[in-house]
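Participant: Here you go, one structure.
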Amino acid sequence: MIEAKLVENILWIGLRSATPLLLAALGEIYAERSGILNLGVEGMMAVGALSSFATALVTGNPWLGVLIGMLSGGLLAMIHGAISIGLKGNQVVSGLALTMFGLGLSSVLGRVYVGNQLPVEARFLPKPVEPLSSIPVLGRVLFDQDPLFYISLLLALVMWFLLYRTKYGIIIRSTGENPAAVDAMGISVNRVRYLSTLIGGVLAGLAGAYLSVAYNPAWIENMTAGRGWIALALVIFSLWDPIRALLGSYLFGVVEASGYTLQAYGYSQWLLNGLPYLLTIIILTLGATESMRRRMGAPAALGRPYEREER
Amino acid sequence: MRLRVIKRLETSRKTVILVRILSVFAALMTASVVFLVYGLNPVDVYSSIFYNAFATRIGVTESVVRMIPLLLVSSGLALVFRTGFWNIGAEGQLLAGAMAAYVVAVNYGSLPSALLIPILFSVGFAAGAAWGIPPAILKAKLNVNEVISTLMLYYVLYWVFQHLIHGPWKAKEKVGQLTYGGFAHTEVIPEASHLPLIDGTRIHWPTLLIAVITSVLAYLLLTKTPWGFEMRAIGSNPDAATAAGMSYLRTVILAMVVSGGLAGIAGVGELCGVQKRFTPEFLSGYGFSGIITAWLGGNNPLSLIVTNFLYGGLLVGGEYIMITYRLPIGVVDLFNGIILFFVLAGEFLVRYRVVRR
Chain R
1 MIEAKLVENI LWIGLRSATP LLLAALGEIY AERSGILNLG VEGMMAVGAL SSFATALVTG
61 NPWLGVLIGM LSGGLLAMIH GAISIGLKGN QVVSGLALTM FGLGLSSVLG RVYVGNQLPV
121 EARFLPKPVE PLSSIPVLGR VLFDQDPLFY ISLLLALVMW FLLYRTKYGI IIRSTGENPA
181 AVDAMGISVN RVRYLSTLIG GVLAGLAGAY LSVAYNPAWI ENMTAGRGWI ALALVIFSLW
241 DPIRALLGSY LFGVVEASGY TLQAYGYSQW LLNGLPYLLT IIILTLGATE SMRRRMGAPA
301 ALGRPYEREE R
Chain W
312 MRLRVIKRLE TSRKTVILVR ILSVFAALMT ASVVFLVYGL NPVDVYSSIF YNAFATRIGV
372 TESVVRMIPL LLVSSGLALV FRTGFWNIGA EGQLLAGAMA AYVVAVNYGS LPSALLIPIL
432 FSVGFAAGAA WGIPPAILKA KLNVNEVIST LMLYYVLYWV FQHLIHGPWK AKEKVGQLTY
492 GGFAHTEVIP EASHLPLIDG TRIHWPTLLI AVITSVLAYL LLTKTPWGFE MRAIGSNPDA
552 ATAAGMSYLR TVILAMVVSG GLAGIAGVGE LCGVQKRFTP EFLSGYGFSG IITAWLGGNN
612 PLSLIVTNFL YGGLLVGGEY IMITYRLPIG VVDLFNGIIL FFVLAGEFLV RYRVVRR
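Protein sequence lines, in the order shown, are assigned to chains R and W. Under the working numbering, read the first sequence as residues 1 to 311, first letter to last. Under the working numbering, read the second sequence as residues 312 to 668, first letter to last.
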C-alpha cells in the first residue's frame with residue numbers, strides 16, 4: 001500500500017512538473033515548424049512567470065495573471081520575430097539575447113516581489129474531479145489537477161490536429177520546409193512566421209505563468225531554472241510532433257520526480273539538482289538518433305531567413 | 312514611395328566598426344530605461360560607470376582583471392563560432408578548468424611554483440577541452456543540437472561543483488577569527504599555486520600574457536593554417552566542405568579543444584589568480600559575456616582586446632553602481648541582451664541597403 005502511494009506521488013508530481021515543459025515545447029514546435037528557431041524560451045518563460053505573478057498578486061485573479069503572462073511572452077517573441085524575420089538576423093544569437101534579456105528583465109523588475117507568495121485565492125489549486133478522482137492511483141494523477149493542467153492536455157491534442165489535419169497546419173509546415181513554394185502560392189512567408197513565433201511566445205508565457213501561479217505560487221529569481229532549455233530539447237525529442245511532445249514531457253517529468261525521491265535515501269540534493277540536465281542531454285541524444293533513423297530531421301528551412309530570389 | 316532592401320556586395324571595414332559602435336551606444340541609451348524605473352538619473356549612472364571603470368587607476372587595473380577571462384573565452388568562441396558550432400557552455404568549460412586546477416593545487420601544493428603553475432595551466436586547458444569535446448562528437452555523429460548540449464553540460468557540472476563545495480571539498484578550518492558555519496567554501500589553495508600579480512594591482516600577469524598570446528594564435532590558426540581553412544569552410548557550408556573531403560568530426564573537435572581549453576585556462580586564472588578558493592559565487596558569468604564580446608569584436612585579436620577591455624570596464628563600473636544604487640545582479644543580463652539585440656539590428660545595415668524604387 002505504501003508503495004502504491006509512492007508511485008502515485010511520483011506520477012502526480014511528475015505530470016505537474018511536466019506541464020510547463022509541455023506548454024513551452026508546444027509553442028516552440030509551431031515556431032520551428034514555420035522555420036523560426038527561438039532559443040529565447042527561457043527568457044520568455046521568466047518574464048511570463050513574473051508578469052503573471054505580479055498581476056495575480058495585485059488583482060487576486062489567477063486568470064488575469066495567466067492572460068498577462070501570455071501577452072508578455074508574445075511581446076518578447078515579437079522582438080525575436082522583428083530581428084530574425086524582419087531584419088533577417090542570426091536566429092541563434094537573437095534567441096540567446098532574448099534569454100538574457102528576459103532573465104535580466106524578470107530579475108530587475110521582480111526585485112520588489114522576491115519572497116512574496118500568492119494568497120490562496122490567487123493561485124490555481126488542484127481540484128479533484130469526482131468521481132473519477134477516486135480511481136486508485138491514476139484517479140489522483142489525472143483527475144486531481146489544476147485547470148491549466150487540463151488546458152495543456154487539450155492544447156496538445158488541438159495543436160496536433162491543427163498541424164496535421166488542417167490547411168493552416170500544412171501552410172505552417174510548408175513554410176518551414178520550403179518557404180519559396182509557400183511564397184509562390186501567394187501566401188506571405190513572413191506573416192506565417194510572425195504568427196507562429198507569436199504562438200511560441202504566448203505559450204512560453206503561459207508556461208511561465210504555470211510556474212509562478214500554479215506550480216510554485218511565489219516569486220523566486222531565476223525560477224525557470226533552465227526549464228526553457230529542457231523544453232527546447234523536448235521539441236527535438238518529439239520530432240516536432242505535439243503528441244510526442246506530450247509523451248516526452250510526461251516521461252521527463254516522471255523520471256525527474258522519481259529521481260528526487262532518492263533524496264529521502266540520502267543521495268546528495270546537489271547532485272540530484274543536476275539530474276534533469278543530464279536527463280535532457282540523454283533525451284536530446286535519443287531524439288537525434290530517432291530522427292536520423294527515421295530520416296526525419298528538423299524542418300529544412302529552420303533557422304534560415306527567407307530571401308526571395310531576385311528576378 | 313516604396314522602399315526596397317538590397318543585399319550589399321561588400322561593406323567597408325569603417326562602416327562595420329561605425330555601425331557596431333553606434334549599435335552599442337543605442338543599446339546603452341535604451342538600457343537607461345532600467346535606471347529610470349529605479350528612479351535614477353541615467354546620465355549620473357553612466358558617468359559613474361565610466362568614471363569608476365576608466366578614470367581611476369584602480370578602475371583601469373580592475374577592468375584588465377575582468378578582461379583576462381573574457382579575452383580567453385571570447386578568442387576561443389570567435390573561432391568555434393566561425394566553424395558554425397554554437398558553444399554556449401563556455402561557463403562550464405571554465406569551471407572544469409578551475410576544478411581540475413583545484414585538485415592539482417591541493418594535492419601537489421608542495422611543488423615549486425615555477426613547476427606547479429605551468430602544470431596548472433596545462434591541466435586547466437585539458438579539462439576545459441575535455442568538457443567541450445562530447446558535444447562536438449554528439450553533433451558530428453548524431454546531429455545533436457550543440458546549443459542545448461553545451462549549456463546542459465554546464466548545468467550538470469555546476470551542480471557537481473555545488474555538491475563538492477558543500478560536501479567533500481568543504482573547508483574544515485576557520486578563517487581568521489570567523490567561523491563560517493553553514494557557509495560553503497573550500498580551503499584556500501596552497502601558496503605555491505597562487506599566480507604572481509603586478510605590484511599594487513590584482514592583475515595576474517601570467518594569465519594576461521597567455522590570454523594576449525592565445526588571442527593572436529587562435530586568430531592565426533583560423534586565418535593562416537589549413538585547419539583554419541577547414542573550419543571556415545565548414546562554418547560557411549558544411550555540406551559542401553564535407554563533400555570536398557573535409558572531416559566534420561575532426562574539425563569541430565579541434566575547434567572545441569581550442570575553445571573549451573581557453574575557457575579552462577580562464578578558470579585557472581580565476582581560481583589561482585583572483586579568488587584562491589571556491590565559494591558558491593565563484594562563477595561570475597564570463598563564459599556567457601564572452602559570447603557577446605566574441606560576437607562584437609571577434610574579427611581580429613586587436614579588436615577582441617579592445618572590446619574585452621571596454622566590456623571589462625562596463626562590468627567594473629556596473630558592479631560599482633549595483634552596490635551604490637542597490638541594483639540586482641540581473642542588470643548585467645539585461646544589458647547583455649539589449650546590446651546583442653541592437654548589434655543584431657545593426658548587422659542588417661551592414662549587410663543590406665535600403666533604397667527607394
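Built from N, CA and C at the ideal position, the CB exists for glycine as well. Note that the structure is predicted; figures quoted are calculated from it, not measured.
Strictly under 9 angstroms for the Cβ-Cβ distance: is E592 (chain W) near chain R by that measure?
Facilitator: Position 281 of the second sequence holds residue 592 (chain W). Judged by the 9 angstroms Cβ criterion, E592 (chain W) is not in contact with chain R.
Participant: Assign H547 (chain W) to buried or exposed, taking buried as 16 or more other Cβ atoms, counted over all protein chains shown, within 10 Å of its Cβ.
Facilitator: Your numbering for residue 547 (chain W) matches position 236 in the second sequence. According to the sequence as given, residue 547 (chain W) is Ser; it is not His. Under this definition S547 (chain W) is an exposed residue.
Participant: Are three or more beta carbon pairs between the region 442-461 of chain W and the region 265-276 of chain R nearer than 8 angstroms?
Facilitator: No, the region 442-461 of chain W does not touch the region 265-276 of chain R.
Participant: Using only CA atoms, which one of W:I632, W:M542 and W:I576 lies nearest to H393 (chain W)?
Facilitator: Numbered from 1 along the second sequence, position 82 holds the residue referred to as residue 393 (chain W). Residue identity differs from the one stated: residue 393 (chain W) is Arg in this sequence, not His. Closest by alpha carbon: W:M542.
Participant: Tell me where the beta strand (DSSP E) around K318 (chain W) begins and ends.
Facilitator: As a first step, residue 318 (chain W) must be located in the second sequence, where it is residue number 7. L314 to K318 is the span of the beta strand (DSSP E), which, as asked, contains K318 (chain W).
Participant: Check each candidate in W:T518, W:L560, W:L508 and W:V499 and name the one with the smallest Cα separation from N454 (chain W).
Facilitator: The sequence position of residue 454 (chain W) within the second sequence is 143, counting from 1. If we check each option's Cα against that of N454 (chain W), W:L560 comes out closest.
Participant: Compare the C-alpha of V569 (chain W) against each of W:V356, W:V371, W:G387 and W:R368 and name the closest.
Facilitator: Residue mapping note: residue 569 (chain W) aligns to position 258 of the second sequence, counting from 1. Comparing Cα-Cα distances from V569 (chain W) to each of W:V356, W:V371, W:G387 and W:R368, the minimum goes to W:G387.
Participant: Go through its chain and collect everything with a Cβ distance to N116 (chain R)'s Cβ below 6 angstroms, but skip five positions before and after it.
Facilitator: Reading the first sequence from its first residue, position 116 is the one you call residue 116 (chain R). Around N116 (chain R): W219.
Participant: Determine whether the Cβ of F589 (chain W) lies closer than 9 angstroms to any Cβ atom of chain R.
Facilitator: Your numbering for residue 589 (chain W) matches position 278 in the second sequence. So no, F589 (chain W) is outside the interface.
Participant: Quick check on DSSP: helix, strand or coil for Y113 (chain R)?
Facilitator: For this step, residue 113 (chain R) is matched to residue 113 along the first sequence. Reduced to three states, the DSSP call for Y113 (chain R) is helix.
Participant: Our contact map puts H515 (chain W) next to W270 (chain R) with C-beta atoms below 8 angstroms; I'd like the distance itself, whole angstroms only.
Facilitator: Numbered from its first residue, the second sequence carries residue 515 (chain W) at position 204. Numbered from its first residue, the first sequence carries residue 270 (chain R) at position 270. In fact, because the Cβ distance is near 29 angstroms, the residues do not count as touching under 8 angstroms.
Participant: Taking T99 (chain R) as the reference, give the member of R:N190, R:E3 and R:M44 with the closest Cα.
Facilitator: Position 99 of the first sequence, counting from 1, holds the residue named residue 99 (chain R). Closest option to T99 (chain R), Cα to Cα, is R:M44.
Participant: With 8 angstroms as the C-beta to C-beta threshold (strictly closer), list the residues of the region 376-408 of chain W near chain R in chain order.
Facilitator: The region 376-408 of chain W vs chain R, Cβ under 8 angstroms: W397 and I399.
Participant: Please compile the residues from chain R whose C-beta is within a distance smaller than 7 angstroms of the C-beta of E658 (chain W).
Facilitator: On the second sequence, position 347 is the one that residue 658 (chain W) refers to. Simply G89.
Participant: Mark D644 (chain W) as exposed unless 16 or more other C-beta atoms lie within 10 angstroms of its C-beta, in which case mark it buried.
Facilitator: Residue numbering aside, residue 644 (chain W) sits at position 333 when the second sequence is read from its first letter. The residue in question, D644 (chain W), is buried, as its Cβ has 16 or more Cβ neighbours within 10 Å.
Participant: In chain order, what residues of the region 110-122 of chain R put their CB closer than 7 angstroms to some CB of chain W?
Facilitator: So the list reads R111, given in the order they occur along the chain.
Participant: Output, in chain order, the set of chain W residues within a Cβ distance shorter than 9 angstroms of G226 (chain R).
Facilitator: Along the first sequence, read from residue 1 onward, the residue named residue 226 (chain R) stands at position 226. Here the neighbours are L462, M463 and Y466.
Participant: Return the bridge partner residues of D183 (chain R) from the DSSP annotation.
Facilitator: Counting from 1 along the first sequence, the entry for residue 183 (chain R) is found at position 183. Answer is none; D183 (chain R) lacks a bridge partner.
Participant: Which of helix, strand or coil does DSSP assign to L390 (chain W)?
Facilitator: Start at 1 with the first residue of the second sequence, and residue 390 (chain W) comes out as number 79. Of the three classes helix, strand and coil, the one that applies to L390 (chain W) here is helix, per DSSP.
Participant: Is the beta carbon of N619 (chain W) less than 9 angstroms from the beta carbon of L329 (chain W)?
Facilitator: As a position in the second sequence, residue 619 (chain W) is number 308, starting the count at 1. As a position in the second sequence, residue 329 (chain W) is number 18, starting the count at 1. No, they are not a contact pair.
Participant: Can you give the beta carbon distance from F252 (chain R) to L286 (chain R), rounded, assuming they're within the 8 angstroms contact cut?
Facilitator: As a first step, residue 252 (chain R) must be located in the first sequence, where it is residue number 252. As a first step, residue 286 (chain R) must be located in the first sequence, where it is residue number 286. No, F252 (chain R) and L286 (chain R) are not in contact; Cβ-Cβ is about 11 angstroms, not under 8 angstroms.
Participant: Any contact between the region 455-475 of chain W and the region 516-531 of chain W? By contact I mean 3 or more CB pairs, one from each, below 8 angstroms.
Facilitator: No, because fewer than three Cβ pairs between the region 455-475 of chain W and the region 516-531 of chain W fall closer than 8 angstroms, the two stretches do not touch.
Participant: So, is the C-beta of P469 (chain W) closer than 9 angstroms to a C-beta in chain R?
Facilitator: By 1-based counting over the second sequence, the position of residue 469 (chain W) is 158. The sequence given here places Tyr at residue 469 (chain W); Pro does not occur at that position. Y469 (chain W) counts as touching chain R.
Participant: Name the chain W residues that come within less than 8 angstroms of N273 (chain R), Cβ to Cβ?
Facilitator: One-based indexing of the first sequence puts residue 273 (chain R) at position 273. Here the neighbours are W470 and Q473.
Participant: Which residues in chain R sit within 8 angstroms of N454 (chain W), going by Cβ to Cβ distance?
Facilitator: Residue mapping note: residue 454 (chain W) aligns to position 143 of the second sequence, counting from 1. Residues of chain R passing the Cβ test: A288, S291, M292 and G297.
Participant: Name, going along the chain, the residues of the region 247-269 of chain R whose beta-carbon falls closer than 7 angstroms to a beta-carbon of chain W.
Facilitator: Here the close residues are S268.
Participant: Report the three-state DSSP secondary structure of L351 (chain W) (helix, strand or coil).
Facilitator: Here residue 351 (chain W) corresponds to residue number 40 of the second sequence, with the count starting at 1. L351 (chain W) falls in the coil class under three-state DSSP.
Participant: Identify the contact partners of V642 (chain W) in chain R, using a Cβ-Cβ distance below 7 angstroms as the criterion.
Facilitator: The residue you call residue 642 (chain W) lines up with position 331 of the second sequence. In chain order: G104 and V108.
Participant: Taking a Cβ distance cut-off of 7 angstroms, strictly less, list which residues of the region 349-366 of chain W are near chain R, in chain order.
Facilitator: Listed by position, the residues of the region 349-366 of chain W near chain R (Cβ gap below 7 angstroms) amount to none.
Participant: Since L23 (chain R) and A225 (chain R) are thought to touch, with beta carbons under 8 angstroms apart, how far apart are those beta carbons, to the nearest angstrom?
Facilitator: Taking the first residue of the first sequence as position 1, residue 23 (chain R) is located at position 23. Taking the first residue of the first sequence as position 1, residue 225 (chain R) is located at position 225. Rounded, the Cβ-Cβ distance is 16 angstroms, inconsistent with contact.
Participant: What distance in whole Å lies between the Cβ atoms of N38 (chain R) and A46 (chain R), which are believed to be in contact at a cut-off of 8 angstroms?
Facilitator: In the first sequence, residue 46 (chain R) corresponds to position 46, counting from 1. In the first sequence, residue 38 (chain R) corresponds to position 38, counting from 1. In fact, because the Cβ distance is near 14 angstroms, the residues do not count as touching under 8 angstroms.
Participant: Distance, Cα to Cα, V114 (chain R) vs W240 (chain R)?
Facilitator: Within the first sequence, residue 114 (chain R) is the residue found at index 114, counting from 1. Within the first sequence, residue 240 (chain R) is the residue found at index 240, counting from 1. Each residue's Cα considered, the two are about 36 angstroms apart.
Participant: Indicate the three-state DSSP secondary structure (helix, strand or coil) for P267 (chain W) in the structure shown.
Facilitator: Residue 267 (chain W) falls outside the range modelled here, since chain W spans only 312 to 668, and no answer is possible.
Participant: Hey, does V58 (chain R) have any beta-carbon neighbour from chain W nearer than 9 angstroms?
Facilitator: Reading the first sequence from its first residue, position 58 is the one you call residue 58 (chain R). So no, V58 (chain R) is outside the interface.
Participant: With DSSP collapsed to three states, give me the class of P507 (chain W).
Facilitator: Residue numbering aside, residue 507 (chain W) sits at position 196 when the second sequence is read from its first letter. If DSSP states are grouped into helix, strand and coil, P507 (chain W) belongs with coil.
Participant: Against W229 (chain R), what residues of chain C qualify as contacts under a CB-to-CB distance less than 9 angstroms, listed in chain order?
Facilitator: Absent here is chain C; the protein component of the structure consists of chains R and W.
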